[in-house]
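Residue numbers (the numbering used here): 68 to 695. Where a beta carbon is used, it is the ideal one built from N, C-alpha and C, also for glycine. Taking it in order: structure first as structure tokens, then the write-up.
So this is what it looks like as structure tokens:
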């Protein structure tokens, strides 16, 4: 697990070794074990290494192919590299290391850009083909590893993190208005946008080829929900368990200590049970709790750890939030506000004291409809289909408008339901996921910012993906939408940044792309069955774990956000919101923000999510917006 960065220099002698070293230095935590640079007339490449496979110097990068005509910088893990290595050796290829990096070079030598279709893993890499004067870059199918790039006259500047690119002084930091709107709606900025104009994220499942002629982007993979299996329920559960077991076993290959995140939920519990089954020694597990019982899951995790006889470790998040929040936020060089970043940071910190690689349960919710929002959306969709279009179009919006801004949880829920029923499914799914309700957004946002948006609405992202989904049923369209937006933009960004902040590699067997493709063939009624979320996954894991332990209400990585804003982080939040001369105040009417703050403090309303978004935006703005 590593960090990569670099640039092409086709038009001039753009960049130098000093820039490469600075790019590496700002992401030192991604790879503290080794670093290196490569510079020639056409390209500059930089690498920071966290040693996982073949700890010797033979695994250091940049790595050179036979004859020095190919040079690679690679971030990630290729889980089928041993199979591919054996295949290549049978064809006469020779290797000097035990690394997956060298296998990538050999594959490129044999298959060219088609190598991406042969590899199974999490990755972002760049290969410089000196003979062809071409830089080839790729990102894994699901977006586990990040890759930013800036097209320019010289080709591209690229890196694992946005801050690497910002070391190039000629890249402007002009904030995109539509990206700001996206952030406040979603708590992250969806691919391919970034917060800055002209800088992009390479989307999952895409490659980027850079030559003197320009930059060409190609999609090499997509997820298809249209082919559905017809086997009996028990057969599907058995097949699913077999595939998850294989994915877990594959991800346990490591030359450094390995453990697991354990929340006590379905996904992590099943993964840990399979790890214990595949290991001849106790699994090391790590859990995070809160001093608020409403959000604390350590008891559940402890039960699972005891069942599999794990070496279990725990950490409780208390007053340490305010002391660490600014530091934690700094690892996100774009605005990011998923509050579970806090426990993810601390569980990564805890795990790193024990291991260098942690296996996690990420992906179970998106694959098997595990979030509560899916069950709610399913109910709303059934109701929507029963309401005549005329009523939805003309009457429900009036009723929703009458309830807009009314206090009380029930009235707010009624407003949300009526608003959802009044709209088409794609937009309704956006409403259920958006942090800011439309009426509140309209109340807060400045007129000049609305003018900058020029009619753009953050819902465009969700609606566009939803309507293009290769799926025939509503639930599959919803899952596809999250696979393309929420998963790579939120969940995987959070895990990557927080684990890398602690120099920890995290692997996610439930996001094995072949497993994901199989899960897409499982009918929706086996994922969400009569309101029972992740039904088929629970049935599969019930072969390993007491079914009663799999039936508890999902908590996720929730945090006591409302109380934090009233107590632990209140002074910091108030300072950020109301004492900053630029940032939030460029986009919002601060007198209205003050009203939200006061109503939250007095318990009159709960505006925790909205205020948290604002706090995190200002933290980002103070550090990255100006370059000072």
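When the beta-carbon positions are compared, residue 543 and residue 493 stay at least 8 Å from each other. Of 297, 217 and 100, the smallest CA-CA separation from residue 269 is found for 217.
The C-beta of residue 452 has fewer than 16 other C-beta atoms within 10 Å across all chains shown, which makes the residue exposed. When secondary structure is reduced to three states using DSSP, residue 613 falls in the coil class, being assigned neither helix nor strand.
With respect to residue 203, residue 196 sits close: the two C-beta atoms are nearer than 8 Å. Using a Cβ distance threshold of 8 Å, residue 307 and residue 119 do not count as a contacting pair. For residue 586, the secondary structure class from DSSP, reduced to helix, strand or coil, is helix. Excluding residues up to 5 positions away in sequence, 162 lie with their Cβ nearer than 8 Å to the Cβ of residue 156 in the same chain. Uninterrupted beta strand (DSSP E) stretches at least 3 residues long and entirely within the region 127-201 occur at 137-145 and 188-196, given in chain order.
Judged by DSSP secondary structure, residue 105 falls outside any alpha helix (DSSP H) and instead within the beta strand (DSSP E) spanning 101-106. Here DSSP, grouped into helix, strand and coil, assigns residue 319 to coil. Between the region 73-80 and the region 221-228 there are three or more C-beta pairs closer than 8 Å, enough to call the two in contact. Ranked by Cα distance from residue 507, the options 662, 84, 535 and 689 are led by 662. Restricting attention to beta strand (DSSP E) runs no shorter than 3 residues, the region 350-427 encloses them at 351-357, 378-384 and 424-426, ordered along the chain.
Buried is the label assigned to residue 267, since at least 16 other Cβ atoms lie within 10 Å of its Cβ.
With 16 or more neighbouring CB atoms inside 10 Å of its own CB, residue 253 falls in the buried class. Contact between residue 102 and residue 212 is ruled out by a C-beta separation of about 18 Å, above the 8 Å threshold.
Secondary structure at residue 119: coil, using DSSP grouped into helix, strand and coil.
Looking at the DSSP output, residue 498 bridges to nothing. Between residue 488 and residue 447, the CB-CB gap stays under 8 Å. Membership of residue 213 in any beta strand (DSSP E) is not indicated, and neither H nor E is assigned to it by DSSP. Between the region 90-102 and the region 110-126 there are three or more inter-stretch CB-CB distances shorter than 8 Å, so the stretches are counted as touching.
In the DSSP assignment, residue 278 is bridged to 281. A residue is called buried once 16 or more other Cβ atoms fall within 10 Å of its Cβ, and residue 129 is buried on that count. In this structure the region 332-346 does not touch the region 388-407; the number of beta carbon pairs closer than 8 Å is below three.
Sorting 408, 450, 465 and 676 by C-alpha distance to the C-alpha of residue 569 places 408 at the top.
By alpha-carbon distance to residue 113, the top candidate from 672, 415 and 87 is 87. Under the 10 Å beta carbon count, residue 325 is surrounded by 16 or more other beta carbons and is classified as buried. If the five residues before and after residue 685 are omitted, its C-beta is found closer than 6 Å to the C-beta atoms of 643, 647, 650 and 651, all from its own chain and listed in chain order. If you compare the alpha carbons of 658, 664, 654 and 657 with that of residue 630, the shortest gap goes to 664. A distance below 8 Å separates the beta carbons of residue 502 and residue 251. Under the DSSP assignment, residue 512 falls outside any alpha helix (DSSP H); it carries neither an H nor an E label.
For residue 187, the closest C-alpha among the options 329, 584 and 457 is that of 584. Closest in C-alpha terms to residue 135, from the list 145, 173, 167 and 141, comes 173. Around the Cβ of residue 606, a 10 Å sphere holds 16 or more other Cβ atoms; the residue is buried. With distances taken between CA atoms, residue 205 lies nearest to 175 out of 175, 691, 571 and 520.
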